Every structure is written in C-alpha cells, then in structure tokens.
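Below is one structure; the comments refer to it alone.
In the working numbering, the protein residues as written are 891 to 1212.
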C-alpha cells in the first residue's frame, strides 16, 4: 500500500463496505495479533458479538440490497473499523498524520493493551461516530433513534463501571470491573442489545412505548435501576477521559439526548418492576457522589475524585503522531 496510514485504512474499509460478513472478518482480523508475547484476540469478543447482532438485524446491509441497511449504523461501524486499522498501520511504521483523535487512543491500546485502554479507544471511536453522523441519525425511525441513545449510555456506563467503579455503583465495586470486562461474557449485560431490540430493521411497525412494555425483565432492571440514575456522571466521566467535551451535550437533566428528543423524556421512565428497580438503585445504583458532578473543571493537575493513579500514567503520549 502507498500513502499514509489513514489511506491504508480507508482502502481496507472500502473493500468491505457493502459486505457485512467481510466487515466482521476485518474487525476480527485486527484482534488477531500479539503485542509482545500477549494475544489481544479476547478483546474482539464484544465487538464480534455486537457486529453479529448488527448483521442479523440487517443494519449493515448495502444500500443496493433489497432491504437496505441503516446509513447511520453503517457509518458509525465504518468509522470504528477505520480507526482500528489506521492505528495498526501507524504502529507498524506507516506515516501519519491521524485522521481523527480517536485513532490516538487505539495506538495507545496497541502499545499497552488493557481493558480500560480498550474502552477508552472503542468509546472514543463510537462517540466520534455519533457526533460526526448526527444528521444521519435524524433520518432514522423514532424507535431506532431511541435505541441509539440506549446503546450509547450502556457502553459509556460499562467503561465507567470497569475503570471508575466508584462513580458507577455504590456497592459491589470489587466485582464491578469483572462484570464490565469486554473479554468476558459478563459485559454482555451492558454491551448487548440482543435481548432488547428485535432482530430486524427497520422497526417501522413498533412504537417506543410498545417496545418498553415488552422489554426483557433483566434489561429493564439494568437500564432503569442501575444505569440511568448515574447517567449525567457517566457522561461527564466520558467527556473527561475521552477529552471530548461535546459528550456533555448528549445528556440533558440526567436524560440521554443524542437522537431522542428531551421533550419525550417520559420514555426514560417506567412504572414497571418498581420494587426491583428501587432495590437495585439503593443497593448498587449510583456511585455515591452528587449527580451532575463535573469532572472537566480540574485546576493545576488536581485529580478528579474518581481517578486512580494508573489513569494519569496512561495519559502519557505513546506515539509521535505529528
């Protein structure tokens, strides 16, 4: 290949753009490598599970198929693929510059693999895709837009649960990182929408109220009892660790507000399973800090309350990306 690392990645993704199964193969091939003596294949487990669900729904289908896929889901997935392979090319010695900041996070992951670094890189790409393609989101069916917000709040919460459990939960912090580790099936509680959203696209025959009424019991407890009480703090954490302040624009009054209108915020409330929801919220929901705690206004190197010493070490530049 000739040109820059970004050119290499763009060419790879262009070859698979209209072939969902080949998209998946390309995604998994990125993880089929070793860093030093250590394989990173297990980090691809969560990506593979989510992409198989996307393929089953049909959202990655080509625009020319009998049932075209979703322009928004295709674009966000394409950005994730491009970021990973651009980072791989940079680490292999191809020239820069990077096409967008999220690539830097993937370089950091490849140089020093860990579950927190994976979330930082993965979520940087996902957030970049959300922000870059908000116009496409508005073209989708209302139910699809609602679940764009569901998917985002879940993956941001999973990151906080693993890397900053004091923020995400009140109790059970010792086991919280294990539940969110992308290498293990426990992370599917937060990263999988297979038991939440029907395996078809588009969802023109359903309303949000209908789908919420039929929501899986466990999913309802996780969403309404565990995740939503911490929404604003989780988004603030993501804005800080991803160095993307626009994440704070995607939540309003503790309600996710990327594609679903704030005026219809009643969808984020439910009267079902009240005892179980309140019990989960009381036992583990919320990290014990005031809701709305801003983590983007530290002065003179002061560490935020949720930061660990290792977080500071991971922020050192790992790659000359000029």
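Cβ atoms here follow ideal geometry from the backbone N, Cα and C, with glycine treated the same way. None of the values given here were measured: they were computed from a predicted structure.
Burial check for residue 935: the Cβ neighbour count within 10 Å reaches 16 or more, so the residue is buried. The alpha-carbon separation between residue 979 and residue 893 amounts to approximately 11 Å.
Within a 10 Å sphere around the beta-carbon of residue 987 sit fewer than 16 other beta-carbons, which makes this residue exposed.
A residue is called buried when at least 16 other Cβ atoms come within 10 angstroms of its Cβ; residue 1121 meets this threshold and is buried. Taking a cut-off of 8 Å for Cβ pairs, the stretch 963-975 and the stretch 1012-1022 touch, as three or more such pairs fall below it. If only uninterrupted alpha helix (DSSP H) runs of at least 4 residues are considered, those enclosed by the stretch 952-1001 are 961-981, 992-1001. For residue 1008, the uninterrupted alpha helix (DSSP H) run begins and ends at 1005-1022, by DSSP. Residue 1123 is not a Cβ neighbour of residue 1051, given a cutoff of 8 Å. Contact between residue 1132 and residue 1017 holds: their C-beta atoms lie close to 6 Å from each other, under 8 Å.
Exposure of residue 911 is indicated by the presence of fewer than 16 other C-beta atoms within 10 angstroms of its C-beta. The distance from the Cβ of residue 1008 to that of residue 933 is about 5 Å, consistent with a contact at the 8 Å cut-off. Judged by DSSP in its simplified three-state form, residue 924 adopts strand. Residue nearest to residue 1049 within the set 1004, 905, 991, 945 is 1004 (criterion: CA-CA distance). Three or more beta-carbon pairs separated by less than 8 Å link the stretch 953-969 to the stretch 1024-1034, which places the two stretches in contact. Straight-line measurement puts the Cα of residue 901 at about 42 Å from the Cα of residue 1100.
Nearest C-alpha to residue 989 among 1067, 916, 897: 897.
Per DSSP, the unbroken alpha helix (DSSP H) holding residue 942 starts and ends at 934-947.
Beta-bridge partners of residue 929 (DSSP): 924. Shortest Cα-Cα distance from residue 1129 to any of 1112, 992, 930 involves 992.
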